[in-house]
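**Q**
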Amino acid sequence: MTGPRLALAAALLCSCTSPVADANSWWSLAMNPIQRPEMYIIGAQPVCSQLPGLSPGQRKLCQLYQEHMVFIGEGARSAIKECQYQFRQRRWNCSTVDNTSVFGRVMKI
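In terms of mature numbering (1 follows the signal peptide of the UniProt record, and there is no 0), the sequence shown is residues -23 to -1, 1 to 86.
1) Between which residues of its own chain and glutamine 61 is the CB-CB distance below 8 Å, once the five residues before and five after are set aside?
2) Taking the continuous alpha helix (DSSP H) assigned at leucine 31, which residues delimit it?
3) Report the rounded CA-to-CA distance for glutamine 63 versus serine 55, giving the unit in angstroms.
4) Could you give the DSSP three-state label for phenylalanine 48: helix, strand or coil?
5) How long is the line joining the alpha carbons of glutamate 44 and glutamate 59, rounded to whole angstroms?
6) Let me know the secondary structure DSSP gives arginine 68 once reduced to three states.
7) Taking leucine 41 as the reference, which of Cys25, Arg65, Gln66 and Ala53 has the closest Cα?
8) Exposed or buried, which one is glycine 52 when buried takes at least 16 other CB atoms within 10 Å?
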């Protein structure tokens, strides 16, 4: 991942104040791009504007850099895998009761 993409990923991750609180967040967009193929159609309404739970800043970044959301998703998946590896011997290993994902139902739209 190049410097600007990494910086955008870090900015989006840091600006997310409560990813677990909202069932519909930018995590679901980043982690499930295949389920939302319309985001790749040129001229389509940006998916980011349709997701509740985003702050105005997150929505603006998502709309401006919509093509980067796939890379945000890859970064989130990589972070989850690393978290699960680092905490593999602990009681909480970045998973939830409902799902093997650290974000659980947050990933679903």
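The C-beta atom is built at its ideal place from N, Cα and C for all residues, glycine as well.
**A** With the given structure in hand:
1) The residue given as residue 61 occupies position 84 in the sequence shown. Closer than 8 Å at the Cβ level, and outside the excluded window around glutamine 61, lie Asn70, Cys71, Ser72 and Val79.
2) The count along the sequence shown starts at 1 and reaches residue 31 at position 54. Neither: leucine 31 is in no alpha helix (DSSP H) and is coded neither H nor E.
3) For the purposes of this step, residue 63 is taken as residue 86 along the sequence shown, with counting starting at 1. For the purposes of this step, residue 55 is taken as residue 78 along the sequence shown, with counting starting at 1. Answer to the nearest angstrom: the Cα atoms are 12 Å apart.
4) On the sequence shown, residue 48 is found 71 positions in, with the first residue counted as 1. DSSP places phenylalanine 48 in helix when its eight states are reduced to three.
5) Against the sequence shown, residue 44 aligns to sequence position 67. Against the sequence shown, residue 59 aligns to sequence position 82. So the two alpha carbons sit approximately 24 Å from each other.
6) Taking the first residue of the sequence shown as 1, we reach residue 68 at position 91. Reduced to three states, the DSSP call for arginine 68 is coil.
7) Here residue 41 is taken as the residue at index 64 of the sequence shown, counted from 1. The shortest Cα separation from leucine 41 among Cys25, Arg65, Gln66 and Ala53 belongs to Cys25.
8) For the purposes of this step, residue 52 is taken as the residue at position 75 of the sequence shown. The residue is buried, with at least 16 neighbouring Cβ atoms inside 10 Å.
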